[in-house]
Amino acid sequence: MQETELKFELSRSGAGSLLKKNPFGSSPTILQQKSIYFDTLGWDLSKRGLSLRIRQSGDKRIQTLKAGDGTAAGSFTREEWERPVDGDTPILDDPQIRDLLAEDGAKLAPLFEVHVKRHSWNVSDGDATIEVALDLGKVVAAGREAPLCEIELEKKAGSPAALFALARKIDLVTPAHLGVLSKAERGYRLLGPAPGAVKSVATPLTSEMSVAMAFARIAAACLKQFRLNEMALGWSRDADSLHQARVSLRRLRSLCSICKSLFDDSRFDYMRGELKWLAAELGDARNIDVMIDHASSRILASRLQEVRDDAYAAVAASFSSIRARSLMIDVTEWISIKDWRTQSDEMLSEQSSKDFASDVFDKLWKKVAKGGNNLIDADDDTRHKVRIAAKKLRYA
């Protein structure tokens with residue numbers, strides 16, 4: 018079964034405001050839940066994009082195996098398999114689950130737990146039914162704890178567009194930041210070293226995959242990289258995290274530029290414009306970081322540090338703005354629902370990613386080669402244009 022859901026992070030005070038104002042039209046059902054997550058000591062399931070848990074809610078226990086590539090922003094779609102169990106030991110007698118787990122099933126052990134107080138509602142909007150779950154609690158792993166405060170919106174029936182409409186409604190009640198970490202990922206992060214700057218990783222693609230699917234996967238990976246670095250900047254004013262946040266936005270903007278032939282959609286220009294705005298909001302802070310690294314004296318470095326504090330405060334204000342939060346919702350909806358594929362462009366969007374990439378690389382390389390024929394004698398403006406062309410080729 019495939020679940021379709023969105024996840025958002027809230028502050029504790031924001032969750033309190035949401036419970037007080039309750040925009041969902043009914044009183045919530047409240048349950049205490051305890052989830053135990055299993056893996057091998059070498060995290061073999063996690064490395065293959067799988068998570069296995071047993072969740073106890075009241076006197077019921079449900080075992081869930083989830084599969085995903087780990088790149089999704091907002092956890093929009095994942096395959097999952099559920100079954101009731103009697104205890105806290107995984108049952109692996111389903112042939113499909115045995116095939117997915119391969120030889121790892123015999124080596125499973127409990128690694129971490131998630132304890133939450135869940136408030137849930139069923140919300141109807143036209144033909145859509147959405148299950149809303151507000152989870153307040155903690156993740157517990159190896160003697161460590163991390164607070165958890167998130168809201169999940171899961172589509173049970175109807176159009177997925179209703180999920181995003183409800184997300185915007187929630188964000189008007191209290192700031193809701195796009196969630197990109199599953200509860201399982203939170204547990205694994207708690208078991209490892211303190212998270213810092215997050216670099217891009219290769220997005221799982223195949224040569225037969227359509228251009229539209231490849232675009233959606235890479236875009237989701239860019240959003241996830243951005244949000245993880247945004248979260249890291251909420252903990253510390255780390256120059257590497259800021260740099261990687263800019264890199265993620267640059268990758269996403271480059272992706273849009275490379276794939277612009279796919280789009281016959283008025284929102285395309287809006288998305289590119291808003292992504293450019295957000296990237297520019299990080300520019301001053303990044304420039305100051307570079308200047309500090311090359312400061313010629315302690316006095317200059319000290320003065321730059323004072324200016325840096327103001328620049329990072331401005332970045333934090335931009336991140337927390339409704340404009341930035343809305344952009345994350347808008348882009349996630351845009352890449353997830355994919356109604357930007359018009360009938361006239363359907364053939365192009367279903368072209369294999371391998372063939373499309375070959376055409377893109379060829380065109381970009383020709384621009385670099387043409388401009389680079391005589392760089393020694395070229396003026397600064399020409400060299401700059403060649404540098405930009407080479408940069409586009411590298412990001413492609």
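Residue numbers (the numbering used here): 18 to 413. Even for Gly, the Cβ is constructed at its ideal location relative to N, Cα and C.
Residue(s) in a DSSP beta bridge with residue i
i    : result
V324 : Its beta-bridge partners do not exist; DSSP assigns none.
A163 : V156
A427 : Because the chain spans 18 through 413 in this model, residue 427 falls outside it and cannot be assessed.
K83  : S68 and E97
K38  : Partner(s): none; K38 has no beta bridge.
D56  : A126
I47  : H136
H194 : E26
S313 : DSSP lists no partner for S313.
Q261 : None; Q261 has no bridge partner.
L240 : Looking at the DSSP assignment, L240 forms no beta bridge with any residue, so it has no partner.
I235 : Partner(s): none; I235 has no beta bridge.
K77  : S74
K172 : I147
V131 : S52 and V156
S227 : S369
V332 : V332 is not bridged to any residue.
V102 : R78
Check whether residue i and residue j have beta carbons under 8 angstroms apart
i    : j    : result
V131 : V149 : no
M288 : W351 : yes
A413 : V385 : no
I168 : F25  : yes
R135 : L35  : no
T191 : G31  : yes
R263 : A296 : yes
T57  : L125 : yes
L250 : M345 : no
L292 : L269 : yes
S199 : C239 : no
R400 : L392 : yes
E225 : S375 : no
Spatially closest choice to residue i from the options, by CA coordinates
i    : options                   : result
F336 : F243, Y287 and H311       : F243
I305 : A331, S283 and L292       : A331
V102 : I53, L58, M248 and G59    : I53
H260 : D397, R411, G300 and L183 : G300
A84  : K409, D61, T223 and S74   : D61
W177 : N391, S353 and G33        : The sequence shown places Pro at residue 177, rather than the Trp named in the question. Looking at the Cα atoms, S353 is the closest of the given residues.
R254 : L151, R303, R404 and K51  : R303
S68  : L118, L27 and D76         : L118
T223 : L266, L317 and D372       : D372
E22  : S370, T349 and R411       : T349
R267 : V133, D110 and K408       : K408
F285 : D347, G389, A333 and A341 : D347
W252 : N390, Y329 and I114       : Y329
V218 : G209, L245, P210 and L208 : L245
A333 : V324, E247 and K380       : E247
V197 : R185, A237 and E367       : A237
R325 : R315, R342, V307 and G290 : V307
A184 : F280, P210, S343 and G66  : S343
F378 : A312, K172 and L272       : L272
E367 : R315, G33 and A233        : A233
W294 : F280, R404 and A341       : A341
V129 : E171, S63 and I114        : Note on residue identity: the sequence assigns Phe, not Val, to residue 129. Nearest of E171, S63 and I114 to F129, Cα basis: S63.
Assumed close pair residue i, residue j - CB separation to whole angstroms, cut-off 8 angstroms
i    : j    : result
I339 : Q322 : Contact flag wrong, Cβ pair sits at about 30 angstroms.
P127 : F55  : 6 angstroms
A182 : T146 : Actually they are not in contact, since the Cβ atoms of A182 and T146 sit about 13 angstroms apart, beyond 8 angstroms.
I187 : P40  : 7 angstroms
A193 : L27  : 6 angstroms
S258 : W138 : Actually they are not in contact, since the Cβ atoms of S258 and W138 sit about 35 angstroms apart, beyond 8 angstroms.
V133 : L153 : 6 angstroms
K402 : G388 : 6 angstroms
I71  : D116 : About 20 angstroms; that fails the 8 angstroms criterion.
A159 : L208 : 6 angstroms
Q73  : K51  : 5 angstroms
Specify whether the stretch 196-214 and the stretch 160-170 touch according to this definition: at least 3 beta carbon pairs, one from each stretch, less than 8 angstroms apart.
yes
Inter-stretch contact (C-beta, 8 angstroms, three-pair minimum) for the stretch 222-238 and the stretch 270-277
yes
Taking one C-beta from the stretch 72-84 and one from the stretch 93-112 each time, how about it: are there three or more such pairs within less than 8 angstroms?
Counting C-beta pairs closer than 8 angstroms gives three or more between the stretch 72-84 and the stretch 93-112, which meets the contact rule.
If you pair each beta-carbon of the stretch 139-147 with each one of the stretch 212-219, do three or more pairs fall below 8 angstroms?
Too few Cβ pairs lie closer than 8 angstroms, so no.
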